[in-house]
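The structure appears below as structure tokens.
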Amino acid sequence: MTITRRDLIKASMAAGTALSIPSILRAQSSPEAARTVRMAMSDLTVVDPILSISDITYIHAWAVYDTLFALDSKLVPQPQMVGKWGVSEDKMTYTFELRDGLQFNDGSPVTSADCVASIRRWWQVDGGGKLIKERASDIATTGNKTFKIVLDKPLGLLLDLLAGGINFLAVMREKDADRPPTEQVTANIGSGPFTFNEALARPGASFTYDRNEKYVPRQEPSDGYAGGKVVKVDRVVWQNIADEQTALAALQAGEIDFVQAPSADLYGTIKSDPNLELQLLDKGGDDLYLRMNFLQPPFNNVKARQAMLHLIDQEAFLRVISPDPDYGRRLISIFGDSSPYSNDENTGWYKKGGDPQRAKQLFQEAGYAGEKLYLFQITDWPAASNAALALADVLRKIGINVVLGPMSFSEFSTARANKGPVENGGWSMFISDWPDNGFGNPIGCSVLHANGEEAFYGWPKNDEYEALRAKWADVATLEERQALARKMQGIWWDFVGCIMLGKVLAPVARSKALTGLIEGPNTRFPMWNMEKA
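What follows is the structure, given as structure tokens:
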């Protein structure tokens, strides 16, 4: 998991420093109120999208920076900063030319050197970017506004990877992009549709974005994350309001216009207010999953992992992670259910209520003899914390000696790196999540890697599966990738790389006067196109 998810956002909001409601009210009463949007958002702590894939960092990056390509509403890559592009007959050389009118908000023009440096920094950390790096024999400028990527081997997904990276491919000034990807860029100088107002930045309280008067939108209509990024307000203020009830009261009073992550128990109140609306900007949702440690007993034995697969009752878990049935549903495909690769291959294990007796038998066959299993419990993320409590309960009912490890997400993010046994500070299981649409990209989605100790935490290993995953970038058509996805899933559910607990959909709350918000496949919404009546 990354610190991107809605419940963790809510925890972050609860931990932040609130602006007083009187000061919000005064701001909304000013003449500029109709052109200013005030949004209750989580606190922005990392501004560099190469260092963090959190939703709040991504939304910030979308505002401040522009990017070379972007995905439209059908998830097809479209040129954004690029005006023209081409590919050679042998599919080995891609050429790009920047469109006119691009400049950073410090007044300097965007050049091809900025683009090349930004790609080089991005491809050191992004999963899809790493694949481009592996295949590229050269990336270089060919003029002030032109550059090329030369491949050793064709890569039909190149534009998709540039447009839809897990890390946002923000085009920065060359001098910023030349920084190592481990060092945060804090200048916030981009060529995007908004400028970051450094003078009004109040970490822990509020951040302000102004319309970039120098930005030249594309001429095409806005379509998903692509097309013309037309900003229809003068200013957007992010406010970190300490209490959810306070945030809702401010929304009801018209003192703010938007709440990023209302609690599910507030949905009824919001629905009953004629001036407010719940809107599902994130059409894909987030998929919660259970990860097991392949390096340590008992989960180094496939039968123990299969035991967990049979034990899980998704309907029961959904009741604790997404109590409102309108915003949660079961999930049986490793490719999520919003991608064209979702399928039902090898899902005969699914059973409403689970199969505790089968799970108990498989644990016995794995040689489990009462050893302590350590399960992380992320206490500042309620959905994951509740799911961990529920999992511990069902494990204990079949005689498994499970111990909960309560800790904050920041503590968990360090502790999960321990590859040792439980008695030496290691772990057995954790619960996390990933955007549903991200599961449709087995190259970029770290959770779907199974290359052993080089893989994501849990370190699953299966050479047969990895051989198929390696073919993903070379498959030419959608139909061929769908067939490949079925084969990959068939193997995955045999060796059990992770287990799905269900999908959660989380709406935002907004005033009905705020319209035009862009819906997409994840929680990372852009701020252009919205307007306030």
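In terms of this note's numbering, the sequence shown has 380 at position 380, counting the first letter as 1, and numbering is strictly consecutive. Just so you know, even glycine gets a beta-carbon here, dropped at the ideal spot from N, CA and C.
Worksheet item: Does the pairing of the stretch 246–260 with the stretch 97–116 give three or more beta-carbon distances under 8 Å?
Response: no
Item to complete: Mind checking which residues open and close the beta strand (DSSP E) that includes I334?
Response: Residue 334 sits at position 334 when you count from the first residue of the sequence shown. I334 -> no beta strand (DSSP E), and no H or E assigned at all.
Worksheet item: Which residue comes first and which comes last in the beta strand (DSSP E) that contains W238?
Response: Counting from 1 along the sequence shown, the entry for residue 238 is found at position 238. From DSSP, the beta strand (DSSP E) with W238 extends over R235 to Q239.
Discussion item. Please classify P193 as buried or exposed, where buried requires at least 16 other C-beta atoms within 10 Å of its C-beta.
Written reply: The sequence position of residue 193 within the sequence shown is 193, counting from 1. Per the 10 Å Cβ criterion, buried.
Fill in: K397 in three-state terms, based on DSSP
By one-based count along the sequence shown, residue 397 stands at place 397. Correct three-state label for K397: helix.
Item to complete: With a cut-off of 8 Å on the beta carbons, I'd call N451 and E464 a contact; round off their distance for me.
Response: Looking up residue 451 in the sequence shown gives position 451. Looking up residue 464 in the sequence shown gives position 464. At roughly 12 Å, the Cβ-Cβ gap does not stay under 8 Å, so N451 and E464 are not in contact.
Item to complete: With a 10 Å radius around its C-beta and 16 neighbouring C-beta atoms as the bar for buried, classify L514 as buried or exposed.
Response: Looking up residue 514 in the sequence shown gives position 514. So L514 counts as buried.
Worksheet item: How far does the beta strand (DSSP E) with Y289 in it reach, from first residue to last?
Response: Within the sequence shown, residue 289 is the residue found at index 289, counting from 1. From DSSP, the beta strand (DSSP E) with Y289 extends over D286 to M292.
Worksheet item: For the ligand SAH, is there a heavy atom less than 7 Å away from the beta-carbon of R202?
Response: Among the components of this structure there are no ligands whatsoever, and the ligand SAH is therefore not found.
Discussion item. Could you check whether the stretch 121–129 touches the stretch 59–68, counting it as contact only if at least three pairs of C-beta atoms, one from each stretch, sit closer than 8 Å?
Written reply: no
Discussion item. Is it buried or exposed, K352, if we count other Cβ atoms within 10 angstroms and call 16 or more buried?
Written reply: Along the sequence shown, read from residue 1 onward, the residue named residue 352 stands at position 352. With fewer than 16 Cβ atoms within 10 Å of its Cβ, K352 is classed as exposed.
Discussion item. Could you compute how far the alpha carbon of R26 sits from the alpha carbon of M39?
Written reply: Position 26 of the sequence shown, counting from 1, holds the residue named residue 26. Position 39 of the sequence shown, counting from 1, holds the residue named residue 39. Residue placement at R26 is flagged as unreliable, the pLDDT there being 41, under the threshold of 50; a coordinate-derived value is accordingly withheld.
Worksheet item: Do the CB positions of S511 and G440 come within less than 8 Å of each other?
Response: In the sequence shown, the residue the question calls residue 511 occupies position 511. In the sequence shown, the residue the question calls residue 440 occupies position 440. Going by C-beta atoms, S511 is not nearer than 8 Å to G440.
Discussion item. Using only the alpha-carbon positions, how far apart do W122 and N275 sit?
Written reply: As a working note, residue 122 is residue 122 in the sequence shown. As a working note, residue 275 is residue 275 in the sequence shown. Using only the alpha carbons, I get a separation of about 42 Å.
Discussion item. Taking 7 Å as the limit between beta carbons, can you name the residues of its chain near F525, skipping five residues before and five after?
Written reply: Residue mapping note: residue 525 aligns to position 525 of the sequence shown, counting from 1. Hits under 7 Å: I59, L281, L517 and I518.
Worksheet item: Near I24, which residues of its chain fall below 8 Å by C-beta distance, leaving aside the five closest residues on each side in sequence?
Response: One-based indexing of the sequence shown puts residue 24 at position 24. Only weak support exists for where I24 lies, its pLDDT of 44 falling under 50; the coordinates are left without a value.
Item to complete: Please determine, among I50, S410 and R469, the residue with the shortest C-alpha to C-alpha distance to P181.
Response: Residue mapping note: residue 181 aligns to position 181 of the sequence shown, counting from 1. Per the Cα distances, I50.
Item to complete: Please check the pair T141 and S112, which I expect to be a contact at CB under 8 Å, by giving their CB distance rounded to whole angstroms.
Response: The residue given as residue 141 occupies position 141 in the sequence shown. The residue given as residue 112 occupies position 112 in the sequence shown. 4 Å between Cβ atoms; contact.
Worksheet item: So, L290 versus G354, is the Cβ gap smaller than 8 Å?
Response: The residue you call residue 290 lines up with position 290 of the sequence shown. The residue you call residue 354 lines up with position 354 of the sequence shown. The answer is no: Cβ separation not under 8 Å.
Worksheet item: DSSP on A27, reduced to helix/strand/coil?
Response: What you label residue 27 is simply residue 27 of the sequence shown in a count that begins at 1. Low confidence applies here, because A27 scores a pLDDT of 44, under 50, leaving its location unreliable; read the following figure in that light. Of the three classes helix, strand and coil, the one that applies to A27 here is helix, per DSSP.
Worksheet item: Skipping 5 residues on each side, what residues in its chain have a beta carbon closer than 8 Å to that of S108?
Response: Translated into positions along the sequence shown, residue 108 becomes position 108. Correct list, in chain order: R173.
Practice prompt. With distances taken Cα to Cα, identify the nearest neighbour of D273 among D72, A509 and S73.
Written response: Looking up residue 273 in the sequence shown gives position 273. Ranking the options by Cα distance to D273, first place goes to A509.
Item to complete: Express the C-alpha separation of A199 and L331 in angstroms, rounding to a whole number.
Response: Reading the sequence shown from its first residue, position 331 is the one you call residue 331. Reading the sequence shown from its first residue, position 199 is the one you call residue 199. Taking the straight line joining both Cα atoms gives about 46 Å.
Worksheet entry | Residues sharing a beta bridge with M500, DSSP | Stepping through the sequence shown from its first residue, residue 500 is reached at position 500. Its beta-bridge partners are Y289.
Item to complete: Report, in whole angstroms, the separation of the C-beta atoms of A388 and L373, which I expect to be a contact under 8 Å.
Response: The sequence position of residue 388 within the sequence shown is 388, counting from 1. The sequence position of residue 373 within the sequence shown is 373, counting from 1. The pair is not a contact, with the Cβ atoms about 12 Å apart (cut-off 8 Å).
Practice prompt. Please state whether DSSP places R329 in a helix, a strand or coil.
Written response: Working through the sequence shown from its first residue, we reach residue 329 at position 329. Residue state, collapsed to three classes: strand.
Item to complete: Starting from P82, trace the beta strand (DSSP E) both ways and give me its first and last residue.
Response: Residue numbering aside, residue 82 sits at position 82 when the sequence shown is read from its first letter. Sequence check: residue 82 is Val here, not Pro. V82 to V87 is the span of the beta strand (DSSP E), which, as asked, contains V82.
Worksheet entry | Length of the line joining the Cα atoms of E134 and F299 | Here residue 134 refers to the residue found at position 134 when the sequence shown is read from its first residue. Here residue 299 refers to the residue found at position 299 when the sequence shown is read from its first residue. If you take the alpha carbons of E134 and F299, they lie about 32 Å apart.
Discussion item. So F409 and I378 are supposed to be a Cβ contact under 8 Å. How far apart are they, rounded?
Written reply: Within the sequence shown, the letter at position 409 stands for residue 409. Within the sequence shown, the letter at position 378 stands for residue 378. Contact flag correct, Cβ pair sits at about 5 Å.
Discussion item. According to DSSP, is P22 part of a helix, a strand, or is it coil?
Written reply: Taking the first residue of the sequence shown as position 1, residue 22 is located at position 22. Bear in mind that a pLDDT of 40 at P22, under 50, signals an unreliable position, so the number given afterwards is only what the model happens to contain. P22 falls in the helix class under three-state DSSP.
Worksheet item: Can you tell me the Cα-Cα spacing of G285 and K461, whole angstroms?
Response: The count along the sequence shown starts at 1 and reaches residue 285 at position 285. The count along the sequence shown starts at 1 and reaches residue 461 at position 461. Looking at the two C-alpha atoms, the distance is approximately 27 Å.
Fill in: Counted within 10 angstroms of its Cβ, other Cβ atoms place P442 as buried (16 or more) or exposed
Taking the sequence shown and counting its residues from 1, the one referred to as residue 442 is at position 442. Buried, by the Cβ-count rule.
Worksheet item: Do you know offhand how far V496's Cα is from L391's?
Response: Translated into the one-based positions of the sequence shown, residue 496 becomes position 496. Translated into the one-based positions of the sequence shown, residue 391 becomes position 391. Computed Cα separation, rounded: 17 Å.
Worksheet item: Among residues of its own chain, excluding the 5 on either side of C445, which ones have a beta-carbon nearer than 8 Å to its beta-carbon?
Response: On the sequence shown, residue 445 is found 445 positions in, with the first residue counted as 1. Once the five neighbours on either side are set aside, the close Cβ partners of C445 are G127, I166, W434, G438 and F439.
Item to complete: Please classify F439: does DSSP put it in a helix, a strand, or coil?
Response: On the sequence shown, residue 439 is found 439 positions in, with the first residue counted as 1. Three-state result, F439: helix.
Worksheet item: Where does G16 fall in DSSP's three states?
Response: On the sequence shown, position 16 is the one that residue 16 refers to. Since pLDDT at G16 reaches only 41, below the 50 mark, its modelled position is unreliable, and the value read off the structure follows with that caveat. Coil.
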